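Student: Pasting in a structure now, in structure tokens, and then I'll have a few things to ask.
In our numbering, the protein residues as written are 295 to 654.
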């Protein structure tokens, strides 16, 4: 069976039986291939944020090419967007060759942007993590899904007199506060328990207009029930997910259950699909395009996940490079069951250094 590059289309996230799009954009004529769904690039669009990618049934058979000429790829784009976990670091350990690779790209005048689905930290906190690993990265170059959740609420003019209930960690709370939104929940609810006595009735705040769910190491039944009550009983209450990642890299020793497990619990109790603001939703791509004035055909998305990073790049019309330093193996990439094919794949981003030298 031939491998097929994903030809993503979008349907509302509440759809239970999506159908493939009948329209496929042609490959880019420039180096690599890219596709764009959800229309032309606009300002950060809530319309795109509430849509989710669906694999088309029939797509051109284009297996990913192993990256052989890094120089050509580097010269073909103006901006590199990097995922963090599995690309820049694993847990708290920097992946070999990353500092030298980033220095090389900066020396060639490339714009670098770092996008992560991990919502546990704010942009400022991620800046400190980069610094602790010896990397000089400006806060304005960092886009975490915690920030995306607050930016999405701003983009839809979420009423400031409404509150946001958070199932997640400090990063979401910080970004909501910086955006001027009232919030409750988060880590402080991690110690709360429910005593299920006969006739017990759990109260909830009727002013909650959105429930934001992200990765949460303090996840418990109290939070699930509170979020469920808000979504089911508060008219118009939004259910927002920072991401639906199945696994995450808390340490470099093994994979750990990701934010998708927390989102899945709330989805199960509410029977409502979330609005996903992290990858592979195009919300952050549209936001970045507007902020930096980026043409997406001049972007290369670099990531270690097919169904988030690579799909994010393809949904946004970017070139895509899969690195095998994270969750995806070459066996998974080349499996007949895999339909998401990047433009290129390589072992890790430091291959830019060796492949550059080999091409000279």
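For every residue, glycine included, the Cβ atom is placed at its ideal position computed from N, Cα and C.
In this text, all values refer to a predicted model and were calculated from it rather than measured experimentally.
Taking the C-alpha atoms as reference points, what is the distance between residue 336 and residue 583?
Tutor: Taking the chain shown and counting its residues from 1, the one referred to as residue 336 is at position 42. Taking the chain shown and counting its residues from 1, the one referred to as residue 583 is at position 289. Because residue 336 sits at a pLDDT of 34, beneath the cut-off of 50, its placement in the model cannot be relied upon, and the following sentence gives the value as read from the coordinates. Computed Cα separation, rounded: 8 angstroms.
Student: According to DSSP, is residue 420 part of a helix, a strand, or is it coil?
Tutor: The count along the chain shown starts at 1 and reaches residue 420 at position 126. Reduced to three states, the DSSP call for residue 420 is helix.
Student: With three or more beta-carbon pairs closer than 8 angstroms as the criterion, would you say the segment 448-463 touches the segment 398-409?
Tutor: At 8 angstroms Cβ cutoff, the stretches do not touch.
Student: For residue 535, which residues does DSSP report across the bridge?
Tutor: Within the chain shown, residue 535 is the residue found at index 241, counting from 1. Bridge partners of residue 535: 507, 570.
Student: If you count every other CB in all the chains shown that lies within 10 Å of the CB of residue 384, and 16 or more means buried, which is it?
Tutor: Your numbering for residue 384 matches position 90 in the chain shown. It is buried - the Cβ of residue 384 has at least 16 other Cβ atoms within 10 Å.
Student: Reducing DSSP to helix, strand and coil, say where residue 599 ends up.
Tutor: Counting from 1 along the chain shown, the entry for residue 599 is found at position 305. Three-state DSSP puts residue 599 in coil, outside helix and strand.
Student: Excluding the 5 residues flanking residue 471 on each side, which residues of the same chain have their C-beta closer than 8 angstroms to its C-beta?
Tutor: Residue 471 sits at position 177 when you count from the first residue of the chain shown. The residues are 477.
Student: Whole alpha helix (DSSP H) runs in the segment 355-413 with 4 or more residues, listed along the chain?
Tutor: With a minimum length of 4 residues, the continuous alpha helix (DSSP H) runs that stay inside the segment 355-413 are 364-370, 392-401.
Student: Going by C-alpha to C-alpha distance, which of 413, 466, 388, 473 sits closest to residue 428?
Tutor: Within the chain shown, residue 428 is the residue found at index 134, counting from 1. Per the Cα distances, 388.
Student: What are the residues that DSSP puts in a beta bridge with residue 477?
Tutor: The residue labelled residue 477 in the question sits at position 183 within the chain shown. In the DSSP output, where bridge partners are listed per residue, residue 477 has 458.
Student: What do you reckon, are the CB atoms on residue 417 and residue 449 nearer than 9 angstroms?
Tutor: Working through the chain shown from its first residue, we reach residue 417 at position 123. Working through the chain shown from its first residue, we reach residue 449 at position 155. No, the Cβ-Cβ distance between residue 417 and residue 449 is not below 9 angstroms.
Student: Near residue 378, which residues of its chain fall below 6 angstroms by C-beta distance, leaving aside the five closest residues on each side in sequence?
Tutor: Taking the chain shown and counting its residues from 1, the one referred to as residue 378 is at position 84. Cβ within range, chain order: 408, 410.
Student: Using DSSP with H/G/I as helix, E/B as strand and the rest coil, what is residue 639?
Tutor: Position 345 of the chain shown, counted from the start, is the residue given in the question as residue 639. Reduced to three states, the DSSP call for residue 639 is strand.
Student: Expressed to the nearest angstrom, what Euclidean distance is found between the alpha-carbon atoms of residue 571 and residue 466?
Tutor: Sequence index remark: in the chain shown, residue 571 carries index 277 (1-based). Sequence index remark: in the chain shown, residue 466 carries index 172 (1-based). Their Cα atoms are separated by approximately 13 angstroms.
Student: Assign residue 562 to one of three DSSP states: helix, strand, or coil.
Tutor: Position 268 of the chain shown, counting from 1, holds the residue named residue 562. Note: residue 562 maps to helix in three-state DSSP.
Student: DSSP puts residue 594 in a beta bridge; with which residues?
Tutor: For the purposes of this step, residue 594 is taken as the residue at position 300 of the chain shown. Note: residue 594 sits in a beta bridge opposite 374, 613.
Student: Reducing DSSP to helix, strand and coil, say where residue 657 ends up.
Tutor: Only positions 295 to 654 of the chain appear in this structure, which leaves residue 657 out of reach.
Student: Return the chain-ordered list of same chain residues with a C-beta closer than 7 angstroms to the C-beta of residue 436, the five sequence neighbours on each side being excluded.
Tutor: Taking the chain shown and counting its residues from 1, one reaches residue 436 at position 142. Hits under 7 angstroms: 408, 417, 420, 421.
Student: Quick check on the burial criterion: 16 or more other C-beta atoms within 10 angstroms. Buried or exposed for residue 469?
Tutor: Residue 469 sits at position 175 when you count from the first residue of the chain shown. Answer is buried; the Cβ neighbour count reaches 16.
Student: Alpha carbon to alpha carbon, how far is residue 600 from residue 630? Give it in angstroms, no decimals.
Tutor: To locate residue 630, count along the chain shown from 1; it is residue 336. To locate residue 600, count along the chain shown from 1; it is residue 306. Each residue's alpha carbon lies about 14 angstroms from the other.
Student: For residue 640, count neighbouring Cβ atoms within 10 angstroms of its own Cβ and tell me buried if that reaches 16, exposed if not.
Tutor: Working through the chain shown from its first residue, we reach residue 640 at position 346. It counts as buried.
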